[in-house]
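With full-length UniProt numbering as the guide, the letters of the sequence shown map in order to residues 1 to 142.
Report on the structure given below.
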Amino acid sequence: MSATAGQAQSERGLAERLGLKSGQVVQEIGWDEDVDDELRESIENLTGNELLDDDSDDVVDVVLLWWRDDDGDLFDALTSAMRSLAEGGQIWLLTPKAGREGHVEPSDIGEDATTAGLSQTSSVSAASDWSGTRLVTPKGRR
């Protein structure tokens, strides 16, 4: 495998780790200079679409929510993010890993997600400094 092909495979792998697929529309909320650009590029390469910014009014398949402990009220952010989601859509909540500045405790994520009417379905190492938590509307509420 060539270096370029290997790099493309590993970049695609980041987005595939999140279960994303070609053609999906992804909105990004909470961008700041600390986000993982490799993950962002991987998502755009796999989906074939540019990430929509948080001002977009489009209906999306996935919301990518970068969140740090000092960003404010997570419940409010999740509730707002749900407005853009298509039926059956998902939110990937990306938070700094444990030991890194801005880390969010998993118990806080679970509590705010449940209060917002979301279920946590999986957690992954989304990037070198970021953990990902997949949140969806429970099947009974869709």
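Beta carbons: idealized from backbone N, C-alpha and C, even for Gly.
Between Leu-65 and Glu-38 a beta carbon distance of about 18 Å is seen, past the 8 Å cut, so the two are scored as non-contacting. If you check the CB distance, Arg-83 and Asp-129 do not come in under 7 Å. Gln-27 places its beta carbon less than 7 Å from that of Leu-52. Note: Ile-29 is bridge-paired with Leu-65 in the DSSP secondary-structure output.
For Gly-88, the uninterrupted beta strand (DSSP E) segment begins and ends at 85 to 96. Where Thr-121 is concerned, the enclosing beta strand (DSSP E) starts and stops at 119 to 127. Within a 10 Å sphere around the beta-carbon of Ser-122 sit fewer than 16 other beta-carbons, which makes this residue exposed. In the displayed model, Leu-52 falls within a strand according to three-state DSSP. Scanning Arg-68, His-103, Ile-109 and Val-136 for the CA closest to the CA of Glu-87 turns up Val-136. Apart from sequence neighbours up to five positions away, the residues of its chain that approach Ser-125 with a beta-carbon distance below 7 Å are Ser-131, ordered along the chain. Counting the other CB atoms within 10 Å of its CB gives Ala-116 a total of 16 or more, which places it among the buried residues. Residue pairing by DSSP places Ser-131 opposite Thr-95 and Ser-125 in a beta bridge. Contact between the segment 68 to 75 and the segment 95 to 112 is present: 3 or more CB-CB pairs across the two stretches fall below 8 Å.
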